[in-house]
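In this note's numbering, the protein residues as written are 8 to 224. Glycine included, every Cβ here is placed at the ideal spot set by N, Cα and C.
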């Protein structure tokens, strides 16, 4: 990816993720608007922008991990199997460890959260595979589930309140989904320019040859 594409992805993710997270915070905590205080609005914006920033760091970290995994396991076949195992392990831990920390009272809520995350992640990964190629499905699913859960850990360690956890998770899922689905689109212009240059190259060479031959005659 060129610098221009990277900057476009960075800033659009930051803006859209922050706005979406702000909306989720307002829906989960109407007190931000009821108070009619600029401090409350700034707090909600900073909260959502923080989770968006965490999402971007996790996304670009996974791009590096993915390349290392491909080299370490000598191809996508074994690396994809490892990622599937890690997905199952992460989903189990996201329920089991929270039950150990906060008790069994909210077990079904924890399971429901993971089911929703899996469904949304599956939709995003399927869309990514259709837009690019089938080999992108497992990496996209891994990022949407495992990386999102890792990014969610600071909130899980701090509280078990829905009003704080769900806006954070929704912001992370939205920002990660946006980056997954837009990454190849921001790479496309650079590829298109390369193709157009390669196609125009022979034509330009033929034109120059014709000019040289006409001058010599």
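Shortest Cα-Cα distance from residue 124 to any of 48, 86 and 101 involves 101. Proximity to residue 68 across 146, 96 and 55 peaks at 146, based on C-alpha coordinates. In this structure, residue 62 sits away from residue 177, with a CB-CB distance that is not shorter than 8 Å.
In this structure, DSSP gives residue 73 a helical state, which the three-state scheme calls helix. Contiguous beta strand (DSSP E) elements confined to the segment 19-50 do not occur, taking only those with 3 or more residues. Exclusion of the five residues before and after residue 143 leaves 135 and 136 as the residues of its chain whose Cβ lies within less than 7 Å of its Cβ. Within the segment 64-151, the complete alpha helix (DSSP H) segments of 4 residues or longer fall at 83-109, 114-138 and 144-149, listed in chain order. In this chain, the alpha helix (DSSP H) harbouring residue 158 covers 155-165. Here residue 154 is buried: its Cβ has 16 or more other Cβ atoms, across all protein chains shown, within 10 Å.
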